[in-house]
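Using the working numbering, read the sequence shown as starting at 15 and increasing by one per residue.
Every residue gets a Cβ at the ideal spot worked out from N, C-alpha and C, and that includes glycine.
All of these numbers come straight from a predicted model, not from anything done at the bench.
Each remark here refers to the structure printed beneath this line.
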Amino acid sequence: MTYAHIVGWGKYVPSKVVSNADLSKTVDTSDEWIVSRTGIRERRVAGPKETSATMGFIAAKQALDVAGVLPIDVDLIICATATPEYSFPATASVIQDMLGAPKAGAFDLSAGCSGFVYALSIGSQIIQGGGHQVVLIIGTETLSRITNWNDRGTCILFGDGAGAMVLKASADPGGVLSSLVRSDGSGGDLLMVPAGGSHMPTSAETVLQGLHWIQMNGREVFRFAARVVDKATREVVERAGLTLDDIQLFVPHQANLRIIHAAARSLELNEDRIFVNLDRYGNTSSASIPIAVCEAVECGRVQPGDKLVLVGFGAGLTWAAAVIEWGVPEPLRKRNIIERTLRIVIYPVAAIRSRVAKFLRRIEARLFGTPSPKRIDKDGKKK
Ligand code: COA
């Protein structure tokens, strides 16, 4: 039997902090209101050069480093995001190029804030089925780019960041013990970005109406979330053949402290068994759970052998949960000089390789007459 172990983890958050006091200068709100209704005190916002791909890349690099895995060994990259770099190509492919992972397949996964747990579930099942040995999963978001900063009902909630994990095949029992993924598309309109897709392509009109921003029915989403966290947690723990008492730490999606407290009450869990960091980051959608797990590990809340429940919920509507057994990470071997040098040069070399590949493609197009890719302007003319 093959098990999927989590052997590496990494996170990235932008350095720019936006506090509740900062928001209260631009919209009619207050620190007191935001803290009492959500638990959020501040959030991180990406700088002009930071995107879902650049942040996901940094988190992925860290995760590979912790795992002692080189990009060349990665078989598959799954990037969960609601704020992809482009409609296409996939952000996962952009990150694959940045990492220089030549044999990796790559695709994006759209399941709202449940995306990372979906990726964990799918990635681990591919490994357990013998399909791949090493799967890199990433949750990365620049929600600040789709947030209407004049809408006090949503702008107080969201933040930017990225998290990643490396899943690796092992014959030793452990790793991802059980998982589930669910959806109820009838609630899709409760949390959405209405324009920009095939249903309502972007136009001057949609932009004027602000339909490219997040729209949310906060109360309904709240009710849905409180219900599914309890249900999914119980089901996934049972699937793993465990009881709630066997779980050392619960890491729910960091959306709202009141949702987390409501779930804790119905699951009869003490708050010290639940990890919370939303006060500092707000809701970072698919990045929230991997960022939280990284911080839980950093501050000693996770020990080898501990069992964790991860539960995500969000747009779709979707929800997902997983039970993981935290393995003893492969001891960080003292790396010899060659390995250390390799890790320093590998990413600049990947960037050069990417540029050379683009250059050669242009030369080839000139020599053999294949049309080189050109951008088309709004009048349909090639630029
Ligand atoms: N500051 C001050 N007042 C605000 C406000 C803000 N930022 N946002 C809304 N209000 C006002 C409303 O206008 C309303 O005023 P009214 O009674 O005069 O009409 C009042 O506060 C209550 O609004 P309501 O929407 O009922 O508040 P709420 O208690 O449901 O809290 C949320 C709003 C958004 C914080 C809450 O519904 C929530 O967190 N929902 C879940 C959202 C979520 O997690 N989404 C992501 C899921 S992945």
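query	result
C-alpha gap between Cys169 and Ser66, whole angstroms	18 Å
Same chain only: Cβ atoms within 7 Å of Arg159, ignoring 5 sequence neighbours per side	Thr97
Per DSSP, cross-strand counterpart(s) of Ile151	Ile92, Met179
Three-state secondary structure assigned by DSSP to His19	strand
Classification of Pro304 by the beta-carbon crowding that lies within 10 angstroms, buried from 16 upward	buried
Endpoints, beta strand (DSSP E) assigned at Asp32	According to the sequence displayed, residue 32 carries Val and not Asp. 31-33 is the extent of the beta strand (DSSP E) around Val32.
Whole runs of the beta strand (DSSP E) within the region 38-112, excluding any shorter than 3 residues	56-58, 90-94
Nearest neighbour of Ser192, chosen from Met206, Gly177, Arg253 [CA to CA]	Arg253
Meets three-Cβ-pair contact criterion under 8 Å: the region 111-130 and the region 50-63	no
Contact test: Val235 Cβ vs the ligand COA heavy atom, cutoff 7 Å	yes
beta-carbon Met230 near the ligand COA non-hydrogen atom, thresh 7 Å	yes
Pick from Leu283, Leu78, Lys25, Val148 that is closest to Ser184, judged by C-alpha positions	Val148
Alpha carbon of Asp122 to alpha carbon of Thr298, nearest angstrom	17 Å
Straight-line Cα distance separating Ala81 from Val41	44 Å
Short CB-CB distance (under 8 Å) between Glu99 and chain B	Looking at the structure shown, chain B is missing, and only one protein chain is on hand.
CB of Val290 within 8 Å of CB of Gln268, strictly	yes
Cβ neighbours of Ile261 in the same chain (closer than 8 Å, five flanking residues each side left out)	Val251, Arg287, Lys321, Leu322, Val323, Val337
Contact check, Leu271 vs Thr43, beta carbons under 8 Å	no
Separation of Cys93 from Arg357, as counted between CA atoms	23 Å
Phe327 CB to nearest heavy atom of the ligand COA below 7 Å	yes
Segment contact, 8 Å Cβ cut-off, at least three pairs: the region 67-79 with the region 200-211	no
Distance CB(Gly129)-CB(Thr156) smaller than 8 Å	no
Between the CA atoms of Gly175 and Lys25 - distance to the nearest angstrom	8 Å
Phe130 - DSSP class collapsed to helix/strand/coil	helix
C-beta atoms of Gly153 and Gly189 nearer than 8 Å	no
Limits of the beta strand (DSSP E) - the one that Ser197 falls within	189-197
Gly328 beta carbon less than 8 Å from that of Val131	no
Cβ-heavy atom distance, Ile86 to the ligand COA, below 7 Å	no
Simplified DSSP state of Ser302, which is helix, strand or coil	helix
Residues bridged to Val265 [DSSP beta-bridge criterion]	Leu324
Cys127 to Lys245 span [Cα, whole Å]	17 Å
Identity of the residue in His19, Phe264, Gly319 nearest Ile151 by Cα	His19
Three-way DSSP call (helix, strand, coil) for Gln172 in this model	Residue identity check: residue 172 is Phe in the sequence provided, not Gln. The answer is strand: DSSP assigns Phe172 an E or B state.
heavy atom of the ligand COA below 7 Å from Cys127 C-beta	yes
Opposing strand residues paired with Val337 [DSSP bridges]	Ser192, Val323
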